[in-house]
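Protein chains in written order, with my numbering: chain A, 1 to 114; chain B, 115 to 227.
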């Protein structure tokens, strides 16, 4: 009965080699978020989609891109991973924006950059 | 933008004692305050939340209080158990067009048997 699913759970890539992380949801929520969480730190929002509308945080590097081909799926593309991009990447969903609804997190993908 | 401060960064208690974690926020328009528990290597999970029209909310051993005037909110865990050991994050959801949660830096709670 998993609601927010992330694949893979662990990803190892080489410095500069593009990588794509996947998130899917069975909740039919309008909003999907991508967070980056480094060790012993709070999750940091990278961007979110409200339906097909993409909203990028001002301090999200250009190296990070996202796609949402349909309601259920959202992808995080890292075009040229650097050592500083090693982190846990969390996907989350909510029914609506504006603090009306809770955000539900997926289990995360731990990215290692060699 | 919103700024959330969380204290303490680490908290160690004996099993059965109470634990209190405090957060302050800066944006008076913030209207929703969730608390997440994150065990090592796992996803953040919502444990309790409170909205700005309520001063206190309780769910079994967990309670949250909100003081809108002072712009602070607190998590209270009573009769702590070893399985309560985790990192706890407070967050605030800003009003207006800034549609995002701002998280505190987290509190590592250790409950010693």
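Just so you know, even glycine gets a beta-carbon here, dropped at the ideal spot from N, CA and C.
Quick caveat, the model's predicted, so the values are computed rather than measured.
Check	Outcome
Through-space distance from residue 224 of chain B to residue 125 of chain B, alpha-carbon basis	6 Å
Presumed contact (8 Å Cβ cut-off) between residue 185 of chain B and residue 142 of chain B, rounded CB distance	7 Å
Rounded C-alpha distance that separates residue 19 of chain A from residue 111 of chain A	9 Å
Nearest to residue 106 of chain A (by Cα), restricted to the options A:12, A:59, A:24, A:79	A:24
Span separating the alpha-carbon of residue 57 of chain A from that of residue 47 of chain A	5 Å
Sequence-distant residues of its chain with Cβ nearer than 7 Å to residue 164 of chain B (five each side left out)	147, 171, 178, 180, 187
Within-8 Å CB hit, residue 163 of chain B to chain A	yes
With 16 other Cβ atoms within 10 Å as the buried cut-off, status of residue 198 of chain B	buried
Alpha-carbon spacing of residue 43 of chain A relative to residue 130 of chain B, whole angstroms	30 Å
Under the three-state DSSP convention, the category residue 97 of chain A falls into	coil
C-beta neighbour in chain A for residue 187 of chain B, strict 8 Å	no
In chain order, each beta strand (DSSP E) run of at least 3 residues that lies wholly inside the region 24-75 of chain A	31-37, 44-50, 53-56, 64-67
Nearest-angstrom Cβ-Cβ length linking residue 204 of chain B and residue 118 of chain B, presumed shorter than 8 Å	6 Å
Continuous beta strand (DSSP E) stretch holding residue 133 of chain B: start and end	133-139
Beta carbon proximity, residue 169 of chain B to chain A, threshold 8 Å	no
Residue burial classification, residue 123 of chain B (beta-carbon count within 10 angstroms, cutoff 16)	exposed
Alpha-carbon to alpha-carbon, residue 190 of chain B and residue 153 of chain B	18 Å
Min CB distance residue 151 of chain B to chain A below 8 Å	no
Spatial distance of residue 72 of chain A from residue 37 of chain A (CA atoms)	23 Å
Range covered by the beta strand (DSSP E) that runs through residue 148 of chain B	146-152
Integer Cβ distance of residue 76 of chain A from residue 64 of chain A, believed to fall under 8 Å	7 Å
Other residues of its chain near residue 219 of chain B: CB distance less than 7 Å, five sequence neighbours each side excluded	120, 123
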